[in-house]
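Residue numbers (our numbering), protein chains in the order written: chain C, 2 to 213; chain U, 2 to 213.
2 protein chains.
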Amino acid sequence: MSASVSAKEALLGVISFSPQSGYSIKAEMESGGVSYIWDLSFGSIYPRLKDLEREGLITAVEVRDEGRVRTVYDLTHQGWSSLRRWLAEKPSYPLPLRDELLLRMLFWGTARPDDRQTLIGHLRDRAAKTRELLDRLRTPLDENGATDEFQGLIEEYARMRLKAELEWIDKTITQLQGAPRPPLRDPRGIFPKATERRHAAARAAGKEAGPS
Amino acid sequence: MSASVSAKEALLGVISFSPQSGYSIKAEMESGGVSYIWDLSFGSIYPRLKDLEREGLITAVEVRDEGRVRTVYDLTHQGWSSLRRWLAEKPSYPLPLRDELLLRMLFWGTARPDDRQTLIGHLRDRAAKTRELLDRLRTPLDENGATDEFQGLIEEYARMRLKAELEWIDKTITQLQGAPRPPLRDPRGIFPKATERRHAAARAAGKEAGPS
DNA sequence: TCGCTCATGTAATGCGTTACATGATTGG
DNA sequence: CCAATCATGTAACGCATTACATGAGCGA
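As structure tokens, this is what we get:
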């Protein structure tokens, strides 16, 4: 139902800010406002730009700028309408928490029940990186960076999200430093069973290896 | 540096909860606790399970359960250790806001400056889906669902995130219903320039088409 | 018996990353 | 002059999705 994003839309969008080369698009993806929301590697940027040019959505101009030569792309009329149409399309709902740390945490109780320290380490690393991002958000690297009303709202969202995450991490670490707590709900006893299954698998493997 | 997730880890994790078939794994991915964090289609589940079996990380047992035949997988000792090792690996930091709605919003000012209503529609749709999720989180579909300490912490995180998102959407819609605001920062005047570029492209295209 | 859910699978396809290759320019 | 940055590109590869195919039980 709802449409997804291919690299092309992101490229059109970034170029809509100002005419740009593939190289500078990559820079924006790494440190500009887009960097919080999307990313692309050179391996997709350059071929996709060629595609967009062939499709007539952007035009290329070779620019000799202080010795250096860059290929600067700008939107054509078709490019602008294409971007406009895409913006109107219903965005697809994202996996709300797609996150490797949370995925690991989800399985922690079955596979690493007693090792709470490693998880605390993961959480601390996460908090450090998140704090970095928050700082960057407060004092953007790029003093030429522009922010319109919409981007301002997004920045507000980002600040809120990141701060909330830090608070949650704090509370979580505090709890993890305390004593392990029993399951909140376990009608079928799967958690004790998991422990048992793990032990059984270990015994079976030990037996198979045979007594040395 | 930090390792990423392939389907295999997620599969090992889900099986760690209890021995399962490919079909029931898919069900968990769609409505269980994992559904907030990860997803997989049949197209990856079945082939990956075969791989894991060949690698000796899981074992398959044909189960005749009330007429129906299912292939139930469980972790081997090697599967458990493999899962254990993966949990210890440092998770990679995710794009903090990877989100199609936010990506569109980022470009709104350059390409759809005056159409605030469509964006409000996007935001309302988002809020509706998010409210659904929040409800599901409060009253899980699966009455047999189990929640251990770690999963409880994740649920807390999810609740916090979703509630915060709803609040932000409310505030944002309110602001968008008001008058447009000028850019917060625009040292190089890129936003007025973008409007001008868009108009110029339209004029050029009109001219090219020729006067009718 | 007809359609739905359960259940498993495969082939084509899409899409993006990684790794590699190349070369000009600039600053120390 | 040498290393880093600017700048553009391509080929191989990984990995997951989509679409398709198949078949057995179940409930009306």
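Backbone N, C-alpha and C define an ideal beta-carbon position, used for all residues, glycine too.
- Message: Tell me the rounded alpha-carbon separation between Tyr-158/U and Thr-111/C.
- Response: For the purposes of this step, residue 158/U is taken as the residue at position 157 of the second sequence. For the purposes of this step, residue 111/C is taken as the residue at position 110 of the first sequence. Going by the C-alpha atoms only, they are around 20 Å apart.
- Task: Leaving out five residues on either side along the sequence, give the residues of the same chain with a beta carbon under 6 Å from the beta carbon of Asp-40/U.
- Result: Looking up residue 40/U in the second sequence gives position 39. Excluding sequence neighbours, Asp-40/U sits near Met-30.
- Contact check, Tyr-74/U vs Pro-141/U under 8 Å by CB: the rounded distance? Mapped onto the second sequence, residue 74/U falls at position 73. Mapped onto the second sequence, residue 141/U falls at position 140. Going by Cβ atoms, the distance from Tyr-74/U to Pro-141/U rounds to 24 Å, so no, they are not a contact pair.
- Message: Can you look up Val-64/C in the DSSP assignment and give me helix, strand or coil?
- Response: Here residue 64/C corresponds to residue number 63 of the first sequence, with the count starting at 1. Three-state result, Val-64/C: strand.
- Hey, Glu-101/U and Val-6/C are a contact pair by Cβ (cut 8 Å); roughly how many whole angstroms apart? Here the question's residue 101/U lines up with position 100 in the second sequence. Here the question's residue 6/C lines up with position 5 in the first sequence. Cβ atoms of Glu-101/U and Val-6/C come within 8 Å of each other, at about 5 Å.
- Quick one: what does DSSP say Ser-213/U is sitting in, helix, strand or coil? As a working mapping, residue 213/U is identified with position 212 in the second sequence. Low local confidence applies: a pLDDT of 49 at Ser-213/U is under 50, so the model's placement there is unreliable, with the coordinate-based value given in what follows. Ser-213/U: coil per DSSP, three-state reduction.
- Task: Rank Arg-65/C, Trp-169/C, Ile-26/C, Asp-126/C by C-alpha distance to the C-alpha of Arg-49/C and give the top, closest one.
- Result: For the purposes of this step, residue 49/C is taken as residue 48 along the first sequence, with counting starting at 1. When the alpha-carbon of Arg-49/C is set against those of Arg-65/C, Trp-169/C, Ile-26/C, Asp-126/C, the nearest one is in Ile-26/C.
- Which residues bound the beta strand (DSSP E) around Ser-74/C? Translated into the one-based positions of the first sequence, residue 74/C becomes position 73. The amino acid occupying residue 74/C in the given sequence is Tyr; Ser does not appear at that position. Note, Tyr-74/C: beta strand (DSSP E), 69-76.
- Message: Am I right that Leu-103/C and Ile-38/U are in contact with their C-beta atoms under 8 Å? What's the rounded C-beta distance?
- Response: Here residue 103/C refers to the residue found at position 102 of the first sequence. Here residue 38/U refers to the residue found at position 37 of the second sequence. Right, the Cβ-Cβ distance comes to about 5 Å (below 8 Å), so this counts as a contact.
- Query: Would Lys-130/C count as contacting chain U if we go by Cβ distances under 8 Å?
  - Reply: Here the question's residue 130/C lines up with position 129 in the first sequence. So yes, Lys-130/C belongs to the interface.
- Roughly how many angstroms separate the alpha carbons of Ser-32/U and Asp-143/U, rounded to a whole number? By 1-based counting over the second sequence, the position of residue 32/U is 31. By 1-based counting over the second sequence, the position of residue 143/U is 142. Put simply, the backbone Cα of Ser-32/U is about 8 Å away from that of Asp-143/U.
- Item | Near-chain C residues of the region 98-119 of chain U - C-beta to any C-beta below 7 Å | Within the region 98-119 of chain U, those residues whose Cβ lies closer than 7 Å to any Cβ of chain C are, in chain order, Leu-98, Arg-99, Asp-100, Glu-101, Leu-102, Leu-103, Leu-104, Arg-105, Met-106, Leu-107, Phe-108, Trp-109, Gly-110, Thr-111, Ala-112, Arg-113, Thr-119.
- Query: Arg-162/C versus chain U: which residues are under 9 Å apart at the beta carbon?
  - Reply: Here residue 162/C refers to the residue found at position 161 when the first sequence is read from its first residue. Those are Pro-97, Leu-98, Arg-162, Ala-165, Glu-166, Trp-169, listed as they occur along chain U.
- Message: My assumption, with CB atoms under 8 Å, is that Glu-168/U sits in contact with Thr-131/U. Please give the rounded CB distance.
- Response: Working through the second sequence from its first residue, we reach residue 168/U at position 167. Working through the second sequence from its first residue, we reach residue 131/U at position 130. Not a contact, Cβ separation roughly 11 Å.
- Task: Assuming Arg-189/C contacts Ala-61/U (C-beta within less than 8 Å), just tell me the rounded distance between them.
- Result: Mapped onto the first sequence, residue 189/C falls at position 188. Mapped onto the second sequence, residue 61/U falls at position 60. The pair is not a contact, with the Cβ atoms about 22 Å apart (cut-off 8 Å).
- Message: What does the alpha-carbon distance come out to for the pair Thr-77/U and Glu-10/U?
- Response: Counted from its first residue, the second sequence places residue 77/U at position 76. Counted from its first residue, the second sequence places residue 10/U at position 9. Cα-Cα distance, rounded: 14 Å.
- Message: Please confirm whether Val-64/U has its beta-carbon closer than 8 Å to some beta-carbon of chain C.
- Response: Here residue 64/U refers to the residue found at position 63 when the second sequence is read from its first residue. So, not an interface residue.
- Message: Let me see if you follow: with CB-CB separation under 8 Å, is Phe-151/C close to chain U or not?
- Response: Position 150 of the first sequence holds residue 151/C. Residue contact with chain U for Phe-151/C: present (Cβ-Cβ distance below 8 Å to some residue of chain U).
- Query: Closer than 8 Å, CB to CB, is Asp-1/U near chain C or not?
  - Reply: A query on residue 1/U cannot be resolved here, the shown segment of chain U reaching from 2 to 213 and no further.
- Item | Beta-carbon contacts of Arg-113/U that lie in its chain and below 8 Å, excluding the five residues immediately before and after | Translated into positions along the second sequence, residue 113/U becomes position 112. Counting only residues of its own chain and dropping the five nearest sequence neighbours on each side, Arg-113/U has a CB closer than 8 Å to the CB of Thr-119, Leu-120.
- Query: Listed in chain order, which residues of the region 46-58 of chain C have Cβ atoms closer than 7 Å to some Cβ of chain U?
  - Reply: For the region 46-58 of chain C, there are no residues whose beta carbon sits under 7 Å from a beta carbon of chain U.
- Taking buried to mean at least 16 other C-beta atoms within 10 Å of its own C-beta, is Ser-17/U buried or exposed? In the second sequence, the residue the question calls residue 17/U occupies position 16. That one is buried.
- Nearest chain U C-beta to Gln-176/C closer than 8 Å, yes or no? On the first sequence, position 175 is the one that residue 176/C refers to. Yes, because at least one Cβ of chain U sits closer than 8 Å to the Cβ of Gln-176/C.
- Task: Output the distance between the C-alpha atoms of Asp-187/U and Gln-176/U, rounded to the nearest integer angstrom.
- Result: Position 186 of the second sequence, counted from the first residue, corresponds to residue 187/U. Position 175 of the second sequence, counted from the first residue, corresponds to residue 176/U. Taking the straight line joining both Cα atoms gives about 20 Å.
- Item | Integer-rounded CB distance, given that Phe-151/C should sit under 8 Å from Trp-87/U | For the purposes of this step, residue 87/U is taken as residue 86 along the second sequence, with counting starting at 1. For the purposes of this step, residue 151/C is taken as residue 150 along the first sequence, with counting starting at 1. Wrong, their Cβ atoms sit about 39 Å apart, outside the cutoff.
- Item | Partners in chain C for Thr-196/U, counting only beta-carbon separations shorter than 7 Å | Against the second sequence, residue 196/U aligns to sequence position 195. Contact of Thr-196/U with chain C by beta-carbon distance below 7 Å is absent, the smallest such distance being about 10 Å.
- Nearest neighbour of Gly-122/U, chosen from Ile-170/U, Arg-69/U, Tyr-47/U [CA to CA]: For the purposes of this step, residue 122/U is taken as residue 121 along the second sequence, with counting starting at 1. When each option's Cα is compared against that of Gly-122/U, the closest is Ile-170/U.
- Message: Check whether chain C comes within 8 Å of Thr-77/U, counting only Cβ atoms and requiring the distance to be less than that.
- Response: Here residue 77/U corresponds to residue number 76 of the second sequence, with the count starting at 1. It does; some Cβ of chain C falls within 8 Å.
- Task: Mind listing, in chain order, the continuous beta strand (DSSP E) runs of no fewer than 3 residues lying wholly within the region 87-123 of chain U?
- Result: If only complete runs of 3 or more residues are kept, the region 87-123 of chain U shows no beta strand (DSSP E) anywhere.
- Are the CB atoms of Thr-72/U and Leu-124/U nearer to each other than 8 Å? Within the second sequence, residue 72/U is the residue found at index 71, counting from 1. Within the second sequence, residue 124/U is the residue found at index 123, counting from 1. Between Thr-72/U and Leu-124/U, the CB-CB gap reaches or exceeds 8 Å.
- Short check: CB of Gly-34/U to CB of Leu-185/C, under 8 Å? Position 33 of the second sequence, counted from the start, is the residue given in the question as residue 34/U. Position 184 of the first sequence, counted from the start, is the residue given in the question as residue 185/C. No, the pair does not count as a contact, with Cβ atoms beyond the cut-off.
- Mapping DSSP to helix, strand and coil, what is Arg-186/U? The residue you call residue 186/U lines up with position 185 of the second sequence. The answer is strand: DSSP assigns Arg-186/U an E or B state.
- Query: Apart from the five residues just before and just after Glu-209/U, which ones in its own chain have a Cβ nearer than 6 Å to its Cβ?
  - Reply: Taking the first residue of the second sequence as 1, we reach residue 209/U at position 208. Taken in chain order, the list of residues that qualify is empty.
- Item | Distance between Arg-117/U and Lys-51/U (C-alpha atoms, nearest Å) | Counting from one through the second sequence, the residue named residue 51/U turns up at place 50. Counting from one through the second sequence, the residue named residue 117/U turns up at place 116. Roughly 50 Å separates the two Cα atoms.
- Item | For Leu-134/U and Pro-97/C, believed in contact at Cβ under 8 Å, the rounded distance | Reading the first sequence from its first residue, position 96 is the one you call residue 97/C. Reading the second sequence from its first residue, position 133 is the one you call residue 134/U. With a contact defined as Cβ atoms closer than 8 Å, Pro-97/C and Leu-134/U qualify at about 6 Å.
- Just the C-alpha distance for Ser-1/U and Ala-8/U, rounded to the nearest angstrom, thanks. The structure shown does not extend to residue 1/U, since chain U is modelled only from 2 through 213, so no value can be given for it.
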